[in-house]
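Keeping their order, the protein sequence lines are chains G and V.
Each residue of the first sequence is one higher than the one before, counting from 3 in my numbering.
Each residue of the second sequence is one higher than the one before, counting from 3 in my numbering.
Cβ atoms here follow ideal geometry from the backbone N, Cα and C, with glycine treated the same way.
Number of protein chains: 2
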Amino acid sequence: MTDARAATIEDVARHAGVSRAAVSKVIRNAYGVSPAMRERVTAAIEALDYRPRVAARAMRGSSFTLGIELPHIGNPFFTKIVAGATAALQGTGYQLIIAPADVDGEEGVRALGALADRQVDGIIAISPLVSTAWLERLGTRMPIVMIGRHDRSENYDTVTGDDAEGTRLAMAHLFDLGHRRIAHLTRSADVTHPGSGTPHAVRLEQYLASMRSAGLEHEIRVIRTGMTEDAARVDTLAALDDDRPTAIFVGNDELALGALRAVGEAGLTPADVSVVGYDDVDIASHPAISLTTIDQSGVEMGDRAIRLLLERIRDGRIEPTHFSVTPVLKARASTRAVRTG
Amino acid sequence: MTDARAATIEDVARHAGVSRAAVSKVIRNAYGVSPAMRERVTAAIEALDYRPRVAARAMRGSSFTLGIELPHIGNPFFTKIVAGATAALQGTGYQLIIAPADVDGEEGVRALGALADRQVDGIIAISPLVSTAWLERLGTRMPIVMIGRHDRSENYDTVTGDDAEGTRLAMAHLFDLGHRRIAHLTRSADVTHPGSGTPHAVRLEQYLASMRSAGLEHEIRVIRTGMTEDAARVDTLAALDDDRPTAIFVGNDELALGALRAVGEAGLTPADVSVVGYDDVDIASHPAISLTTIDQSGVEMGDRAIRLLLERIRDGRIEPTHFSVTPVLKARASTRAVRTG
DNA sequence: CTGAAAGCGCTTACAG
DNA sequence: CTGAAAGCGCTTACAG
Chain G
3 MTDARAATIE
13 DVARHAGVSR
23 AAVSKVIRNA
33 YGVSPAMRER
43 VTAAIEALDY
53 RPRVAARAMR
63 GSSFTLGIEL
73 PHIGNPFFTK
83 IVAGATAALQ
93 GTGYQLIIAP
103 ADVDGEEGVR
113 ALGALADRQV
123 DGIIAISPLV
133 STAWLERLGT
143 RMPIVMIGRH
153 DRSENYDTVT
163 GDDAEGTRLA
173 MAHLFDLGHR
183 RIAHLTRSAD
193 VTHPGSGTPH
203 AVRLEQYLAS
213 MRSAGLEHEI
223 RVIRTGMTED
233 AARVDTLAAL
243 DDDRPTAIFV
253 GNDELALGAL
263 RAVGEAGLTP
273 ADVSVVGYDD
283 VDIASHPAIS
293 LTTIDQSGVE
303 MGDRAIRLLL
313 ERIRDGRIEP
323 THFSVTPVLK
333 ARASTRAVRT
343 G
Chain V
3 MTDARAATIE
13 DVARHAGVSR
23 AAVSKVIRNA
33 YGVSPAMRER
43 VTAAIEALDY
53 RPRVAARAMR
63 GSSFTLGIEL
73 PHIGNPFFTK
83 IVAGATAALQ
93 GTGYQLIIAP
103 ADVDGEEGVR
113 ALGALADRQV
123 DGIIAISPLV
133 STAWLERLGT
143 RMPIVMIGRH
153 DRSENYDTVT
163 GDDAEGTRLA
173 MAHLFDLGHR
183 RIAHLTRSAD
193 VTHPGSGTPH
203 AVRLEQYLAS
213 MRSAGLEHEI
223 RVIRTGMTED
233 AARVDTLAAL
243 DDDRPTAIFV
253 GNDELALGAL
263 RAVGEAGLTP
273 ADVSVVGYDD
283 VDIASHPAIS
293 LTTIDQSGVE
303 MGDRAIRLLL
313 ERIRDGRIEP
323 THFSVTPVLK
333 ARASTRAVRT
343 G
């Protein structure tokens, strides 16, 4: 009835006939509380349906909230990372909040800043488009795990896939199938800046290296596109010209789905143009899609990122840790032996 | 250098030689600030790289944060809702945080509670598995928009698809193709409880009604499954027995993809067993998938939910509003005319 | 083991 | 237009 405002710690203390400090201790499971007091307080909490305000707690202690910055919520690979993180958080008392940075590339700073402003106890940043210096500064303020990028720092942990190795696997697979004219479809130049350490940068560099060491420098062809499947479809379609490649190594699965769509729309099949993706999102294994790709276990990445964060928060770890997952080739029907003619 | 702790409003006030109240007014763009003072404060904010702590603001005013509860982050339809919401938030000064409830059905309460504990200024709840009474109580405390469920309340807004109409479109399409033996693949009984108003409940009821009014009561077959594509694959496979249906109307696209996979694994094609989904997720239109489905515009739902929330927060609207999007049939290759034999 | 008091960083009336 | 003071709901030393 008199539901006007939710109970506060003051209400609970009064109801139980104890001090606010005592209630606080019970809530936090702190030492120095008699069983009798614990019982009375617990009963009062129950009776008043009391829940501590996170904002008030955050002012003095911690917010029991971990934040994850998502560059593009439409990408199912990121979704797998979040699923892994969510599962790892079960029973820890911490809550995950996601800050989507969907709109454009510059939004990463905003999303990360928004998490910091909310006093989260730690942040997972997925291949954020911010400078190492910026992230390092944030890392002095709170625990950070960066997923994806290969640049390291004393101030934050990293969880990465071995993108060079993954790319080598993909290229070797195509070479084995007899392909020589292999194009690479990747994001715009600002995401693949050499030395930036982004997954896309590393994959591009290794693509170039693999082509060169196979003596195929003259066959190198880099196609640029945006962040979405549809952008990839449009840009692939434009690249299926007279001089078209026999295979395309694509920077990630979401873009590879667009490339596959383009191949179909051009009246071709994987027998004409093979497509390899990267990530192994769920739909890649669907028989109708059957996309050859590199599995880099997003679930494990999310799980690991949470563990690293909790180590810093609860165990007080300071030294940076760098964890790497091993990529695995998933050969499927979207890659075929090159036509001999 | 002395980056020990981030600047507070006190630091800014001192730097600018004004009171904290003055800084607060400038931040909030409140009335009664001379241009000169505004300029000095702005300069000080810039110089100190000051950002107000959200937790502190939330204690007195608002958190400028909106929360969205996601039942299952793996479902790309929910992802579209989030994308619509994110876009609608651009330039409003509000930030969206997502609370995933991925783990199991009961997690909805936890996720919603977590958002409430964080003093968000408003909440979007996607078909939450909580009672109307529970949600109503929450609605007295903060603005709420519920997406999906058809139950209404004086205390919150709703954004729904016309699930009965969408189901009618799907069933009419199958009838037109000559199907009679049409099964319905849906979630477990606790999600389709009659009268609960969940989308799955409404779709199930309309499936039954459509079958009955077509004189096909004896062909009714309801197959139950879990929340994931893989669960749907397994349960569909089990249903492709000697007495198998010629068509399956599936509760949503994610499950329909699993059903499609099962059809393939059973050595059949849509020419043997047609499949209709619901939602029109992106991959449904991929030529290799080509899933017939009902488009209910998740992006528009997310956009609308944000607008309704902001109306309550900023304009002080009190009367509940109910918004419905109109479903559209997307007929594709996963539905074929029934074989005459 | 228990509690009174200070303080976290803001906003909000209220004086001036 | 400007500022001093109270207060939001917690946690944290510090006494007792």
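(message) Assess contact between the segment 129–141 of chain G and the segment 301–308 of chain G, defined as three or more Cβ pairs (one per stretch) separated by less than 8 Å. Is contact present?
(response) no
(request) Report all residues from its chain with a CB closer than 7 Å to the CB of Leu239 (chain V); omit the five preceding and five following residues, and keep chain order. (result) Ala264, Glu267 and Ala268
(request) Output yes if chain G places a C-beta closer than 8 Å to the C-beta of Ser65 (chain V); else output no. (result) yes
(request) Using the Cα positions of Ile125 (chain V) and Gly199 (chain G), report the straight-line distance between them to the nearest angstrom. (result) 37 Å
(message) Just to check my reading of the structure: Ile285 (chain G) and Ile11 (chain V) have Cβ atoms closer than 8 Å, yes? What is that Cβ distance to the nearest angstrom?
(response) 49 Å between Cβ atoms; not a contact.
(message) So, under 8 Å CB-CB, Ala87 (chain G) and Leu72 (chain G) are touching, yes? Tell me the CB distance rounded to an integer number of Å.
(response) Contact flag wrong, Cβ pair sits at about 11 Å.
(request) Using three-state DSSP, classify Gln298 (chain G) as helix, strand or coil. (result) coil
(request) Can you give me the start and stop residues for the beta strand (DSSP E) that Pro78 (chain V) sits inside? (result) Here Pro78 (chain V) belongs to no beta strand (DSSP E); instead the alpha helix (DSSP H) covers Pro78 to Leu91.
(request) Can you give me the start and stop residues for the alpha helix (DSSP H) that Ser215 (chain G) sits inside? (result) Secondary structure note for Ser215 (chain G): its alpha helix (DSSP H) is the uninterrupted segment Pro201 to Ser215.
(message) Determine whether the beta carbon atoms of Arg189 (chain G) and His202 (chain G) lie at a separation below 8 Å.
(response) yes
(request) To the nearest angstrom, report how far apart Ala9 (chain G) and Arg53 (chain G) are at their CA atoms. (result) 7 Å
(request) With Ala264 (chain G) as the anchor, note down where its beta strand (DSSP E) starts and where it stops. (result) Element bounds for Ala264 (chain G): not the beta strand (DSSP E) but the alpha helix (DSSP H), Asp255 to Glu267.
(message) Can you look up Asp164 (chain G) in the DSSP assignment and give me helix, strand or coil?
(response) coil
(request) Just the chain V side, please: which residues come within less than 8 Å of Gln121 (chain G) by C-beta, in chain order? (result) Arg55, Val56 and Ala57
(request) Grab me the residues of Lys82 (chain V)'s own chain with a C-beta within less than 6 Å of its C-beta, minus the 5 sequence neighbours each way, in chain order. (result) Contacts found: Gly300 and Val301.
(request) Using three-state DSSP, classify Val43 (chain V) as helix, strand or coil. (result) In the structure shown, Val43 (chain V) sits in a helix (DSSP, three-state: H, G or I).
(request) Would you kindly work out how many angstroms separate the C-alpha atoms of Arg246 (chain G) and Leu117 (chain G), rounded to a whole number? (result) 45 Å
(request) Tell me, please, which residues DSSP counts as bridged to Arg319 (chain V). (result) Arg319 (chain V) pairs with nothing; no bridge assigned.
(request) Could you tell me the distance, in whole angstroms, from the CA atom of Ala257 (chain V) to the CA atom of Gln208 (chain V)? (result) The sequence given here places Leu at residue 257 (chain V); Ala does not occur at that position. Taking the straight line from one Cα to the other gives about 18 Å.
(message) Let me confirm a value: Leu242 (chain G) is counted as buried when at least 16 other C-beta atoms fall within 10 Å, else exposed. Which label applies?
(response) buried
(request) Below 8 Å between beta carbons is the criterion; list the residues of the segment 247–263 of chain G that meet it against any residue of chain V, in chain order. (result) Those residues of the segment 247–263 of chain G placed with their C-beta closer than 8 Å to a C-beta in chain V are Leu259, Leu262 and Arg263, ordered along the chain.
(message) Under 8 Å, Cβ to Cβ, is there at least one residue of chain V near Gly266 (chain G)?
(response) So yes, Gly266 (chain G) belongs to the interface.
(request) With DSSP as the reference, label Phe325 (chain V) as helix, strand or coil. (result) strand
(request) Just the C-alpha distance for Thr194 (chain G) and Thr162 (chain G), rounded to the nearest angstrom, thanks. (result) Going from the Cα of Thr194 (chain G) to the Cα of Thr162 (chain G) covers about 16 Å.
(request) Report yes if the C-beta distance between Leu310 (chain V) and Thr328 (chain V) is below 8 Å; otherwise report no. (result) no
(request) Taking Ala185 (chain G) and Arg223 (chain G) to be in contact with their CB atoms under 8 Å, please state how far apart those CB atoms are, rounded to whole angstroms. (result) 4 Å
(message) Could you pull the DSSP bridge partners for Thr227 (chain G) from this structure?
(response) G:Arg189
(request) Just mark Leu345 (chain V) as buried or exposed, buried being the case when its beta carbon has 16 or more other beta carbons within 10 Å. (result) Outside the displayed span of chain V (3 to 343) sits residue 345 (chain V), for which this structure offers no information.
(request) Give the secondary structure of Thr134 (chain G) by DSSP, where H, G and I count as helix, E and B as strand, and everything else as coil. (result) helix
(request) Classify Pro78 (chain V) as buried or exposed, calling it buried when 16 or more other Cβ atoms lie within 10 Å of its own Cβ. (result) buried
(request) Helix, strand or coil for Met148 (chain V), going by three-state DSSP, please let me know. (result) strand
(message) Looking only at its chain, what residues have a beta carbon closer than 6 Å to the beta carbon of Ala273 (chain V), apart from the 5 residues adjacent to it on each side?
(response) Arg338
(request) Check Gly141 (chain V) in the structure and name its three-state DSSP category. (result) For Gly141 (chain V), the three-state secondary structure derived from DSSP is helix.
(message) Determine whether the beta carbon atoms of Ala18 (chain V) and Arg42 (chain V) lie at a separation below 8 Å.
(response) Yes, the pair counts as a contact, with Cβ atoms nearer than the cut-off.
(request) Note down, in chain order, all residues in the segment 203–234 of chain V with a beta-carbon under 8 Å from any beta-carbon belonging to chain G. (result) Glu231
(request) Look up Ala103 (chain V) in the DSSP assignment and say whether it is helix, strand or coil. (result) coil
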